[in-house]
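Undergrad:
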Amino acid sequence: MGLFSRLFGGAKEQPQTTVEPIEYKGFLIFQEALSEGGQYRIAGRITKQVGEEVKTHRFIRSDVLPSESDANEFMLKKAQMFIDQMGDNIFT
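The C-terminal position of the sequence shown is numbered 138 in the numbering used here, with every residue numbered one higher than the one before it.
1. Which same chain residues end up closer than 8 angstroms to E114 when comparing Cβ atoms and leaving out the 5 residues on each side of it in sequence?
2. Would you grab the beta carbon distance between I88 and M121 for me? Rounded to a whole angstrom, and I think it's under 8 angstroms.
3. Identify, in the order they occur along the chain, each residue of the same chain with its Cβ nearer than 7 angstroms to the Cβ of D130, setting aside the five sequence neighbours on each side.
4. Short of 7 angstroms in beta carbon distance, which residues of its chain neighbour M47, apart from the five on each side in sequence? Order them along the chain.
5. Taking the alpha carbon of K101 as the point to measure from, which residue in E66, V65, G72 and T64 has its own alpha carbon closest?
6. Output needed for T93: all residues of its chain with C-beta closer than 6 angstroms, excluding positions within five of it in sequence on either side, in chain order.
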């Protein structure tokens, strides 16, 4: 099926990029803006090692911004504020 979808304009796979996390108060914040119609949706992940388990909270906002770097910067600020307000309760 891959050959036909490439020939007839099927969905293109997005290249996988490695995101360097930013450490904040024991949490790791991954800035992962989503490209949507020429703009970028604010998105990412907040993770924390809890014992043997890595807990993850997916973070997607309705806001869109014109540049990927702006969306990632805004996500970082929102994630830090979320961590300050919720702490470990993010994962409950």
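Ideal Cβ placement from N, Cα and C applies to all residues, glycine included.
TA: A quick look at the data gives this:
1. Your numbering for residue 114 matches position 68 in the sequence shown. Excluding positions up to five away in sequence, the list reads A79, S81 and Y86.
2. In the sequence shown, the residue the question calls residue 88 occupies position 42. In the sequence shown, the residue the question calls residue 121 occupies position 75. Confirmed, Cβ separation roughly 5 angstroms.
3. In the sequence shown, residue 130 corresponds to position 84, counting from 1. Within the same chain, no residue comes within 7 angstroms of D130 by CB-CB distance, once the 5 residues on both sides are set aside.
4. As a working note, residue 47 is residue 1 in the sequence shown. Note on M47: pLDDT 49, under 50, position unreliable in the model; the coordinate value appears next. So no residue of the chain qualifies.
5. Here residue 101 is taken as the residue at index 55 of the sequence shown, counted from 1. With distances taken between CA atoms, K101 lies nearest to G72 out of E66, V65, G72 and T64.
6. In the sequence shown, the residue the question calls residue 93 occupies position 47. Excluding residues within five positions, the ones whose Cβ falls inside 6 angstroms are L74, V100 and T102.
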